[in-house]
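Chains P and G, in that order, give the protein sequences. Add 40 to a position in the first sequence, counting from 1, and you land on the number used in this note's numbering. Add 1 to a position in the second sequence, counting from 1, and you land on the number used in this note's numbering. Ideal Cβ positions, reconstructed from N, Cα and C, are used throughout, including at glycine. Given the structure is predicted, the values throughout are model-derived calculations rather than measurements. Worksheet: the structure to be examined is printed underneath.
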Amino acid sequence: MSKKLTPYLFLTPALLVIAVFVLYPIGAVVYYSFTEYNIMTPPEWVGLRNYQQLFRDDIFWQAMKHSFTYLLVTPILICLSILLAIVVNRKLPGIQIFRALFFIPVVSGSIAVGIAWRLMWDTNGIINGILLSLGALEEPIQWLAEPAYTLPIAMALTTWLGLGYYMMIFLAGLQNIPEELYDAAEIDGCNAWQKHWYVSIPGLRPQITFVAVISSLAALQVFNEIFTLTGGLGGILNSGVTMVFYLWRKAFRLNQAGMASAIAMVLLMITLAFSIFNMRFLERGTEEQ
Amino acid sequence: MTGQDQALADSRLAFLRRLFSNTMIYVILCLVAVVTIFPFVWVLFTSFKGPNDPIVSVPPQLIPLDPTVANYIRVWNQLPVWRFYLNSILVAVAIVVLNTLFSALAAYPLAKMKFRGREVIFYSLLATFIVPPVLTSIPSFILAVKVFHYYDKLVSVIFPYLVTVINIFLLRQAFKSVPDDLIDAGRIDGAGELRIWLRQAFKSVPDDLIDAGRIDGAGELRIWWSILLPIIRPSLATVAIITFVEQWNNFFWPSLMLHTDEQMTLQVGLVALQGAFLNDARGIAAGVVMTVVPMIIFFVALQQQFIRGLTGAVKG
Numbered sequence: 041m042s043k044k045l046t047p048y049l050f051l052t053p054a055l056l057v058i059a060v061f062v063l064y065p066i067g068a069v070v071y072y073s074f075t076e077y078n079i080m081t082p083p084e085w086v087g088l089r090n091y092q093q094l095f096r097d098d099i100f101w102q103a104m105k106h107s108f109t110y111l112l113v114t115p116i117l118i119c120l121s122i123l124l125a126i127v128v129n130r131k132l133p134g135i136q137i138f139r140a141l142f143f144i145p146v147v148s149g150s151i152a153v154g155i156a157w158r159l160m161w162d163t164n165g166i167i168n169g170i171l172l173s174l175g176a177l178e179e180p181i182q183w184l185a186e187p188a189y190t191l192p193i194a195m196a197l198t199t200w201l202g203l204g205y206y207m208m209i210f211l212a213g214l215q216n217i218p219e220e221l222y223d224a225a226e227i228d229g230c231n232a233w234q235k236h237w238y239v240s241i242p243g244l245r246p247q248i249t250f251v252a253v254i255s256s257l258a259a260l261q262v263f264n265e266i267f268t269l270t271g272g273l274g275g276i277l278n279s280g281v282t283m284v285f286y287l288w289r290k291a292f293r294l295n296q297a298g299m300a301s302a303i304a305m306v307l308l309m310i311t312l313a314f315s316i317f318n319m320r321f322l323e324r325g326t327e328e329q
Numbered sequence: 002m003t004g005q006d007q008a009l010a011d012s013r014l015a016f017l018r019r020l021f022s023n024t025m026i027y028v029i030l031c032l033v034a035v036v037t038i039f040p041f042v043w044v045l046f047t048s049f050k051g052p053n054d055p056i057v058s059v060p061p062q063l064i065p066l067d068p069t070v071a072n073y074i075r076v077w078n079q080l081p082v083w084r085f086y087l088n089s090i091l092v093a094v095a096i097v098v099l100n101t102l103f104s105a106l107a108a109y110p111l112a113k114m115k116f117r118g119r120e121v122i123f124y125s126l127l128a129t130f131i132v133p134p135v136l137t138s139i140p141s142f143i144l145a146v147k148v149f150h151y152y153d154k155l156v157s158v159i160f161p162y163l164v165t166v167i168n169i170f171l172l173r174q175a176f177k178s179v180p181d182d183l184i185d186a187g188r189i190d191g192a193g194e195l196r197i198w199l200r201q202a203f204k205s206v207p208d209d210l211i212d213a214g215r216i217d218g219a220g221e222l223r224i225w226w227s228i229l230l231p232i233i234r235p236s237l238a239t240v241a242i243i244t245f246v247e248q249w250n251n252f253f254w255p256s257l258m259l260h261t262d263e264q265m266t267l268q269v270g271l272v273a274l275q276g277a278f279l280n281d282a283r284g285i286a287a288g289v290v291m292t293v294v295p296m297i298i299f300f301v302a303l304q305q306q307f308i309r310g311l312t313g314a315v316k317g
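What follows is the structure, encoded as structure tokens:
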């Protein structure tokens with residue numbers, strides 16, 4: 041009797057926590073998305089109204105567009121971090137220090153760094169100061185008040201924050217590639233660049249898939265960068281509003297939990313579609329190994 | 002030209018080529034290092050700037066000429082920064098200890114036992130990966146206000162993180178790498194067999210393992226605690242470090258829950274500070290430095306474990 045129960049007893053605390061904070065919320069969000077709910081008074085069933093309103097909401101489409109635009113950080117991060125991994129994958133004096141240095145943004149937290157970036161990109165910030173004294177600018181640019189710049193600056197921040205992390209993943213991958221493959225490529229007459237193109241990149245395939253999955257899911261869920269750079273407002277003309285930011289605003293600024301739940305459902309569907317797409321990719325990647 | 006001259010010229014060329022390529026590497030490294038470090042250096046210098054040091058000027062003045070710690074004192078006096086530290090440490094440590102424990106408990110049967118429903122539980126847990134945390138935040142918020150009544154209390158930011166699925170999976174992987182016969186030896190009888198097994202498997206046998214072996218037919222909980230946890234200690238450390246960094250930097254959920262100064266963690270407090278010191282770049286910079294420095298020190302002290310921990314998850 042007790043023997044049979046043992047595995048379940050081990051699992052009980054974990055399953056309880058997950059049931060309360062993950063499984064129940066999924067069900068609740070599905071239900072809330074069909075209600076009007078201001079959190080104070082009980083939810084009121086409104087059928088599909090939230091979804092209908094949402095699909096007629098320009099800001100929502102704008103947010104969706106911004107979230108998909110944000111996915112551009114994934115290829116940028118992959119390219120830059122592979123290049124950086126190749127550079128640090130050498131036995132040179134002091135290389136360990138550089139590797140550690142590049143990793144610092146990863147641990148320093150997006151809120152503190154985001155706030156620092158906000159100061160730097162301020163109209164009276166150091167970025168304008170540098171550009172003005174280099175003569176690259178005639179007069180200061182209001183970086184964070186200019187809708188066209190909100191997303192690119194946030195994306196640059198995300199890239200800056202993640203580069204060291206992904207570099208380390210690719211570095212580990214590079215170090216697993218057998219030296220003989222490079223020797224063979226050299227014998228075949230490859231130069232340094234060709235060696236990386238024909239040996240390193242294919243050898244990094246599992247890491248590339250992993251990074252693509254992780255960083256694109258993170259990009260779809262970006263919040264902290266937008267929050268800090270726009271001071272919690274989402275930028276001029278909603279220029280920095282992504283799906284998660286819009287959800288947050290609806291739920292926790294405007295007390296529209298029903299509408300926010302509808303956004304959450306759309307986000308879940310997109311994430312799901314993305315994950316299925318990625319899984320396919322991942323499976324193909326591992327089959328080839 | 003003789004063969005020897007030719008060889009000499011070749012090796013000199015190779016040397017020059019290597020020198021050039023290494024120089025290029027260092028140039029790239031230094032450029033990236035500047036981009037990486039610049040925001041930190043700039044914030045650090047700004048936080049020590051006195052009233053006579055301009056935040057920005059043409060050309061920019063980086064180093065404070067009128068250095069002062071007044072900015073730190075101003076921040077420290079206006080906000081209970083020590084409370085933020087205390088709360089952050091409390092929350093992060095509580096979560097690291099409890100989460101590692103609960104996740105390790107759940108990981109063991111998933112890795113090493115056969116029971117009905119194992120597949121269902123495993124795949125349900127796996128499926129939760131695609132659920133955006135922001136989605137669960139809506140019902141969790143309502144639960145916090147209406148059911149648990151811990152809105153604006155520190156427990157509210159500990160409770161939801163008592164277990165994380167990723168940690169269960171990482172530890173499950175670690176348990177799987179422990180050989181079955183070792184666990185069986187612990188299950189069936191004690192001392193003799195287990196000790197022989199351990200002698201063969203490991204060069205040095207941890208003391209607690211021998212102790213475990215002394216107990217005849219150890220129970221599963223005993224095996225888990227005394228045999229398995231010591232063996233997977235490196236993985237536990239990995240999980241602990243990842244969890245600590247994540248929690249120290251966690252913002253979204255704490256910002257929804259914590260609203261009075263006394264309850265805030267560092268990240269939430271920093272955003273409050275940014276609001277309170279709206280046009281005081283020096284004060285905000287001081288706040289940023291106070292938030293970031295502990296983590297950077299922690300990272301520098303435990304570099305290798307950090308990097309292994311945070312990137313090691315790839316193979317899991």
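Cβ-Cβ separation, residue j to residue i (assumed contact under 8 Å), whole Å
| i | j | result |
| --- | --- | --- |
| Ser301 (chain P) | Val128 (chain P) | So it is not a contact: roughly 45 Å between Cβ atoms. |
| Ala252 (chain P) | Ile118 (chain P) | 7 Å |
| Ala297 (chain P) | Tyr72 (chain P) | 6 Å |
| Phe252 (chain G) | Gln268 (chain G) | 4 Å |
| Val166 (chain G) | Phe130 (chain G) | 7 Å |
| Pro65 (chain G) | Gly51 (chain G) | 6 Å |
| Leu237 (chain G) | Ala105 (chain G) | 7 Å |
| Thr261 (chain G) | Asp153 (chain G) | 6 Å |
Min CB distance residue i to chain P below 8 Å
| i | result |
| --- | --- |
| Gly109 (chain G) | The sequence as given places Tyr at residue 109 (chain G); Gly does not occur at that position. Yes, contact with chain P. |
| Phe116 (chain G) | yes |
| Leu237 (chain G) | no |
| Asn23 (chain G) | yes |
| Ser178 (chain G) | no |
| Gln304 (chain G) | yes |
| Pro161 (chain G) | yes |
| Gln5 (chain G) | no |
| Phe123 (chain G) | no |
| Arg16 (chain G) | Inspection of the sequence shows that residue 16 (chain G) is occupied by Phe rather than by Arg. False, the Cβ-Cβ gap to chain P never drops below 8 Å. |
Closest Cα partner of residue i within the set the options
| i | options | result |
| --- | --- | --- |
| Gly280 (chain P) | P:Trp288, P:Leu269, P:Lys290, P:Leu287 | P:Leu269 |
| Ala287 (chain G) | G:Val240, G:Phe46, G:Arg223 | G:Phe46 |
| Leu287 (chain P) | P:Ile303, P:Leu273, P:Ala156, P:Leu191 | P:Ile303 |
| Thr199 (chain P) | P:His236, P:Leu120, P:Cys230 | P:Leu120 |
| Asn88 (chain G) | G:Pro180, G:Asn250, G:Arg283, G:Leu222 | G:Asn250 |
| Leu63 (chain P) | G:Ala93, G:Gln79, G:Ser125 | G:Ser125 |
| Glu263 (chain G) | G:Val42, G:Gln79, G:Ile56 | G:Gln79 |
| Phe103 (chain G) | P:Leu55, P:Pro187, P:Tyr205 | P:Leu55 |
| Val113 (chain P) | P:Arg245, P:Ala152, P:Trp161, P:Leu197 | P:Leu197 |
| Met195 (chain P) | P:Pro242, P:Leu260, P:Ile181, P:Phe61 | P:Leu260 |
| Ala95 (chain G) | G:Ala302, G:Val293, G:Thr244, G:Leu257 | G:Thr244 |
| Leu184 (chain P) | P:Ile155, P:Met207, P:Ala176, P:Glu178 | P:Ile155 |
| Val284 (chain P) | P:Phe267, P:Ile126, P:Leu277, P:Pro242 | P:Phe267 |
| Met208 (chain P) | P:Ala291, P:Pro145, P:Tyr77 | P:Pro145 |
| Asn278 (chain P) | P:Ile241, P:Pro83, P:Gln102, P:Leu174 | P:Gln102 |
| Lys290 (chain P) | P:Glu84, P:Ile79, P:Lys43, P:Pro65 | P:Ile79 |
| Val76 (chain G) | G:Met296, G:Gly284, G:Leu303, G:Leu9 | G:Gly284 |
Contact with chain G by residue i, beta-carbon distance below 8 Å
| i | result |
| --- | --- |
| Phe142 (chain P) | yes |
| Gly169 (chain P) | yes |
| Thr46 (chain P) | yes |
| Ser107 (chain P) | no |
| Asn164 (chain P) | yes |
| Phe74 (chain P) | no |
| Leu124 (chain P) | yes |
| Phe317 (chain P) | no |
| Gly280 (chain P) | no |
| Pro65 (chain P) | yes |
| Leu244 (chain P) | no |
Sheet register partners of residue i (DSSP bridge)
| i | result |
| --- | --- |
| Glu84 (chain P) | P:Glu76 |
At a CB distance below 7 Å, what residues from the region 252-271 of chain P approach chain G? Give them in sequence order. Gln261, Phe263, Asn264
Scan the region 197-211 of chain P for residues whose Cβ lies nearer than 7 Å to a Cβ of chain G and list them as they occur along the chain. Tyr205, Met208, Ile209
Taking a cut of 7 Å between CB atoms, which residues from the region 59-88 of chain G lie near chain P? Listed in sequence order: Val59, Pro60, Pro61.
Tell me which residues of the region 27-60 of chain G have at least one Cβ-Cβ distance to chain P shorter than 8 Å, keeping chain order. Tyr27, Ile29, Leu30, Val33, Ala34, Val36, Thr37, Ile38, Pro40, Phe41, Trp43, Val44, Thr47, Ile56, Val57, Ser58, Val59, Pro60
Taking Cβ-Cβ distances below 7 Å as the criterion, which residues of the region 278-293 of chain G are in contact with chain P? Within the region 278-293 of chain G, the residues whose Cβ lies closer than 7 Å to some Cβ of chain P are Ala282, Ile285, Ala286, Val289, Thr292, Val293, listed in chain order.
Interfacial residues, the region 220-233 of chain G to chain P, with Cβ spacing under 7 Å: Glu221
Taking a Cβ distance cut-off of 8 Å, strictly less, list which residues of the region 247-268 of chain G are near chain P, in chain order. Listed in sequence order: Trp249, Asn250, Phe252, Phe253, Leu257, Gln268.
Just by C-beta distance, which residues in the region 169-185 of chain P are closer than 8 Å to chain G? Gly169, Ile170, Leu172, Ser173
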